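K.L.:
Structure in structure tokens, see below.
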Amino acid sequence: MTKKLLTLLTLILGLIMGYSQAELTTTAPSANSTTGLRAPNGTTAHTTVRGVIIVTAAELADIPNGTTISKLGFILSAAATPGPSGGNIQMYLQNTADVTNLKSTTWSTVISTMTSVYNGSYTIPSVAGSVDVTLTTPFIYTGGSIYVAYDYLGSSFTTTGGIYSANNSLSSAWKGDVSATTTPPATLTQSSSFRPSIRFSYDNPFTNELAVTGIAGEKGVFNNTISQNQIVTTLIKNTSSGTLTNIPVTLTITGANPYTTTQSIPTINAGETITLLFPNVPTINLGAQTITVSIPSDENPANNSLTFNQDIQCNKIGYAQGTTQSNGVGFNTIGGVIGVKHVIPNTIETHVKTVSNYFPVATSNSGNTIKGLLLDTNGVKIDSTEVITITPAMLGTKQDFDFINGGINVAGQTIYVGFRQVANTTTGYFPFANQNNSYVDPNAAATFGLNGGVPNPVGSGLGYLMIEATFTFGGFDVANSSTNGTICSNSTLNITPISGYSNYEFFINGSSVQNGPSATYTTGPITATTTFNVNITNGSCVLSSNTTTINPVTAEAGMVQISGTTDTSTTICVGEGIDDLIDVEFVDVGVLNGENYTWIITDQATGNILATPATGPFNLEAAPPGNCDIWYLRYYGDIGLGSATNVSQLSGCFDLSNPISVTRLSGTDCDALNTNNFSNNQIFNVYPNPTSNIINIEYLGLKTLDVNITINTVLGNEVFTKKYEKIQNHISLNFDSYPNGTLKWKTINT
């Protein structure tokens, strides 16, 4: 029976062993298919079943020579329904040196040299799983092949027969016959390559035994344009009767990317399987390579290593290792969609140009129609091929089919590349080849409805589908030291495309300036608009970047002064509860340049950043005594302002204005302050000082102001406050009614 995707049967791939401390079970031959015809299926058509299969020495390699086999069993992939059903079965075993089934077709002759190891009841359950019988006559395995024969007579029946895990890799490996009568056939008239997989159980003889039971690279055909390394998955099983510790596991690559690394398993319990992931395994160089995972020699060195073969390519991707097919996969008589999954992590513009399929040799595929599909992560169709009619010439070969668009950018997306199978209600067909492997990523492929929809992962049971895709690549942006295409005038430009390829050709203003293996190039000083692009050679693929334009810019913060003056310093009294607002203006706003701006207040002595206010005026009343500077900053891009604690930590394209120096006094240090402490070109002049009656306050600025004037004693008592609106340049106050003494006045621009 050929595999059917529709039922999504869980097939058991590879040599499967179930472990406990006391007993081991080896399933052989390994399951790569199913059968409902070569073992008792529970229907009346199988009232009597006689069959004999050969299981080769290679398939039994995990069973030590001299082991006593205590149980035999079959594996139901699909249960008999409504079930259960059953009857009596007699089972026979024989050691042999044969490598193919050479048994006679006469039943009496078949069993004449065999040992009857069980004769009793056999139940075909209503749920999938294993069906074991305990041998009444234990059987000693001598290290070669084994013949297994069974003679079944049914007594209770079901409507839908059970389906067994099977293997179809050996021609005529099963001989047998079935009958709907209670008289078993004396002559075996049928033969087939489909053999039911048999479970052999035996006492665990091992105290120091591990097995590498699975290995897979990310892809059999690995695309190193979209990724330059991979994760390799391997499975390690403890087949010993006890716990083992400190097990080194070594991964080695021979071929295109020579490499060796080792991980250690601290502890692995009896019967435990550990999944090890080897990250960052190289795929930089194109060509064929073999990945081997191995463990130290132990009691059964035959299972101490496994290999996975890869072909590293620049424009293709797929899961298959080479061209050898295991079987055919499809939807039988109905229609459906199946696709393989690819994650496209790169930023290089990536197009899926073609989809490829390896067609099985079965002639039932010929004349049927399929259609190539490209689906997004949600199963939405984004491209397709023309309808494909399968011809006899396609059978057994790989065929490439162009997508109609072929130019849809899938960079940074998860996609499925596959086919829609058109139903054939008369003759079922299985047009997609698969390949078995010791480990299969259960999410590597998915099925969909005829019109797409939510992906349904097929799991590990179908192996890897031999569906490939071909990519083409468009432009991509190259990393460089500019900020969004701008760079400080007279600075150098560093161009750094992604590393890991064989050759890089750099172009400045359309001219080639460097051609070789180096993945970096520096040019400068940049004083005028400059363009660059890079051609990256990766095997037979040339990846051409987008052209990037670099514009040199100059940040200019200009000159600042205290508003209404030409002063760049001032002294204030802090801590007396009256706001000290410092307003700053630009000498020439026409020179300011830079996409970002802010103000910075720094400690005068250390340059430590105290604040970064967006605008003025600046209120320093709450600050302690000391000296600080107020700067204006213009800049491009990220200059580190968010993390900097000192102006010396700023870097990049920026400019600071001249500082406004502020001296902050407090307490008695403020007592001696009067207008004579400030130069006569402050924003306000106050005169005469001292005075006996009239004092004049004269504004020196060019604009009209709304101001509050407040007068306090040195002890902070307020003796006068008034708001004046739209003053031009002069206010006179009469102090005749005020007592003699020192007064402080403050004028605030409102």
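The working numbering puts the sequence shown at residues 2 to 751. All C-beta atoms in this analysis are idealised placements derived from N, C-alpha and C, irrespective of residue type, glycine included. This one's a predicted model, so the numbers in the text were calculated from it and none came from an experiment.
(1) Nearest by alpha-carbon distance to residue 839: which of 264, 735, 217 is it?
(2) Could you check the C-alpha separation between residue 746 and residue 699 for me, to the nearest Å?
(3) Is the segment 255 to 262 touching the segment 236 to 245 in the sense that three or more CB pairs, one from each, lie closer than 8 Å?
(4) Between residue 429 and residue 334, which are expected to be in contact by the criterion C-beta below 8 Å, what is the C-beta distance as a whole number of angstroms?
(5) Among residues of its own chain, excluding the 5 on either side of residue 426, which ones have a beta-carbon nearer than 6 Å to its beta-carbon?
(6) Would you kindly work out how many angstroms separate the C-alpha atoms of residue 697 and residue 587, rounded to a whole number?
(7) Using three-state DSSP, classify residue 514 as helix, strand or coil.
(8) Should residue 469 be labelled buried (16 or more other beta-carbon atoms within 10 Å of its own) or exposed?
(9) Alpha carbon to alpha carbon, how far is residue 579 from residue 620? Give it in angstroms, no decimals.
(10) Under DSSP, the beta strand (DSSP E) around residue 532 begins and ends at which residues?
(11) Could you tell me which of 361, 337, 120 sits nearest to residue 456, measuring between CA atoms?
(12) Which two residues bound the contiguous alpha helix (DSSP H) that contains residue 110?
(13) Is the beta carbon of residue 175 less than 8 Å from the beta carbon of residue 193?
(14) Locate the beta strand (DSSP E) running through residue 574, then write down its first and last residues.
(15) Can the beta-carbon of residue 26 be found closer than 8 Å to that of residue 207?
(16) On the CB-based measure, 16 or more other CB atoms within 10 Å of its CB, does residue 31 come out buried or exposed?
(17) Mind reading off the beta-carbon distance from residue 653 to residue 550? Whole number of angstroms is fine, and I expect it under 8 Å.
(18) Whose C-beta lies closer than 7 Å to the C-beta of residue 276 among residues of the same chain, with five residues either side of it excluded?
(19) Could you give the DSSP three-state label for residue 353: helix, strand or coil?
(20) Measure the C-alpha to C-alpha separation of residue 295 and residue 250 and round it to an integer number of angstroms.
(21) What residue from 658, 98, 642 has the CA that sits closest to residue 651's CA?
(22) For residue 339, tell me which candidate among 179, 77, 433, 709 has the shortest Cα-Cα distance.
(23) Between residue 118 and the rest of its own chain, which residues show a CB-CB distance below 6 Å, the 5 nearest in sequence each way excluded?
(24) Quick test of your reading: residue 345 and residue 412, contact by CB under 8 Å. State the CB separation rounded to the nearest angstrom.
(25) Spatial neighbours of residue 280 within its chain, please: C-beta separation below 6 Å, excluding the five flanking residues on both sides.
(26) Pair every Cβ in the segment 55 to 63 with every Cβ in the segment 75 to 90, then say whether three or more of these pairs are closer than 8 Å.
(27) Can you look up residue 458 in the DSSP assignment and give me helix, strand or coil?
(28) Check this for me: beta carbons of residue 1 and residue 128, under 8 Å apart or not?
(29) Which runs of the beta strand (DSSP E) at least 3 residues long sit entirely within the segment 156 to 227? Give them in chain order.
(30) Expressed to the nearest angstrom, what Euclidean distance is found between the alpha-carbon atoms of residue 310 and residue 640?
(31) Report yes if the C-beta distance between residue 163 and residue 286 is below 8 Å; otherwise report no.
(32) Could you check what DSSP says for residue 668 in three-state terms: helix, strand or coil?
(33) When the Cα atoms are used, what is the spatial distance from residue 628 to residue 737?
(34) What does the Cβ neighbour count give for residue 197, buried or exposed, with the cut at 16 atoms within 10 Å?
(35) Please state the DSSP three-state secondary structure of residue 663.
(36) Decide yes or no for the touch test of the segment 401 to 410 against the segment 438 to 456: beta carbon pairs closer than 8 Å, at least 3 of them.
P.N.:
The relevant details are as follows:
(1) The structure shown has nothing for residue 839, since the chain only spans 2 to 751.
(2) Sequence index remark: in the sequence shown, residue 746 carries index 745 (1-based). Sequence index remark: in the sequence shown, residue 699 carries index 698 (1-based). Going from the Cα of residue 746 to the Cα of residue 699 covers about 13 Å.
(3) no
(4) For this step, residue 429 is matched to residue 428 along the sequence shown. For this step, residue 334 is matched to residue 333 along the sequence shown. Between residue 334 and residue 429 the Cβ distance is about 4 Å, and since that is below 8 Å, they are a contact.
(5) What you label residue 426 is simply residue 425 of the sequence shown in a count that begins at 1. Excluding sequence neighbours, residue 426 sits near 334.
(6) Residue numbering aside, residue 697 sits at position 696 when the sequence shown is read from its first letter. Residue numbering aside, residue 587 sits at position 586 when the sequence shown is read from its first letter. Roughly 28 Å separates the two Cα atoms.
(7) Taking the first residue of the sequence shown as position 1, residue 514 is located at position 513. Residue state, collapsed to three classes: strand.
(8) For the purposes of this step, residue 469 is taken as the residue at position 468 of the sequence shown. Buried, because 16 or more other Cβ atoms sit within 10 Å of the Cβ of residue 469.
(9) Start at 1 with the first residue of the sequence shown, and residue 620 comes out as number 619. Start at 1 with the first residue of the sequence shown, and residue 579 comes out as number 578. Roughly 10 Å separates the two Cα atoms.
(10) Counting from 1 along the sequence shown, the entry for residue 532 is found at position 531. First-last of the beta strand (DSSP E) with residue 532: 531 to 539.
(11) By one-based count along the sequence shown, residue 456 stands at place 455. Nearest of 361, 337, 120 to residue 456, Cα basis: 337.
(12) On the sequence shown, residue 110 is found 109 positions in, with the first residue counted as 1. Residues 108 to 113.
(13) One-based indexing of the sequence shown puts residue 175 at position 174. One-based indexing of the sequence shown puts residue 193 at position 192. In contact: residue 175 and residue 193 (Cβ atoms closer than 8 Å).
(14) The residue labelled residue 574 in the question sits at position 573 within the sequence shown. Looking at the DSSP string, the run of the beta strand (DSSP E) that includes residue 574 is 570 to 574.
(15) The sequence position of residue 26 within the sequence shown is 25, counting from 1. The sequence position of residue 207 within the sequence shown is 206, counting from 1. Taking 8 Å as the Cβ cut-off, residue 26 and residue 207 do not qualify as a contacting pair.
(16) What you label residue 31 is simply residue 30 of the sequence shown in a count that begins at 1. With 16 or more Cβ atoms within 10 Å of its Cβ, residue 31 is classed as buried.
(17) Within the sequence shown, the letter at position 652 stands for residue 653. Within the sequence shown, the letter at position 549 stands for residue 550. About 19 Å separates the two Cβ atoms, so there is no contact after all.
(18) The residue given as residue 276 occupies position 275 in the sequence shown. If we look at residue 276 and ignore the five residues flanking it on each side, its Cβ neighbours are 234, 236.
(19) In the sequence shown, the residue the question calls residue 353 occupies position 352. If DSSP states are grouped into helix, strand and coil, residue 353 belongs with the strands.
(20) To locate residue 295, count along the sequence shown from 1; it is residue 294. To locate residue 250, count along the sequence shown from 1; it is residue 249. Cα to Cα, residue 295 sits roughly 6 Å from residue 250.
(21) Locating residue 651 in the sequence shown gives position 650, counting from the first residue. Comparing Cα positions, the closest option is 642.
(22) Your numbering for residue 339 matches position 338 in the sequence shown. Per the Cα distances, 433.
(23) If you number the sequence shown from 1, residue 118 lands on position 117. 92, 94, 136, 138, 140, listed in sequence order.
(24) By one-based count along the sequence shown, residue 345 stands at place 344. By one-based count along the sequence shown, residue 412 stands at place 411. The Cβ separation is near 6 Å, so the contact holds.
(25) Residue mapping note: residue 280 aligns to position 279 of the sequence shown, counting from 1. Answer for residue 280: 232, listed in chain order.
(26) no
(27) Taking the first residue of the sequence shown as 1, we reach residue 458 at position 457. Reduced to three states, the DSSP call for residue 458 is strand.
(28) Residue coverage of the chain in this structure runs from 2 to 751, which leaves residue 1 outside it and unanswerable.
(29) 164 to 168, 175 to 180, 191 to 193, 199 to 204, 211 to 217, 222 to 224
(30) Numbered from its first residue, the sequence shown carries residue 310 at position 309. Numbered from its first residue, the sequence shown carries residue 640 at position 639. Residue 310 and residue 640: Cα-Cα distance of roughly 49 Å.
(31) Against the sequence shown, residue 163 aligns to sequence position 162. Against the sequence shown, residue 286 aligns to sequence position 285. No, the Cβ-Cβ distance between residue 163 and residue 286 is not below 8 Å.
(32) Within the sequence shown, numbered from 1, the residue matching residue 668 stands at position 667. DSSP places residue 668 in helix when its eight states are reduced to three.
(33) Mapped onto the sequence shown, residue 628 falls at position 627. Mapped onto the sequence shown, residue 737 falls at position 736. If I take the Cα positions, the gap works out to 38 Å.
(34) For the purposes of this step, residue 197 is taken as the residue at position 196 of the sequence shown. Buried is the call here.
(35) Mapped onto the sequence shown, residue 663 falls at position 662. Correct three-state label for residue 663: strand.
(36) no
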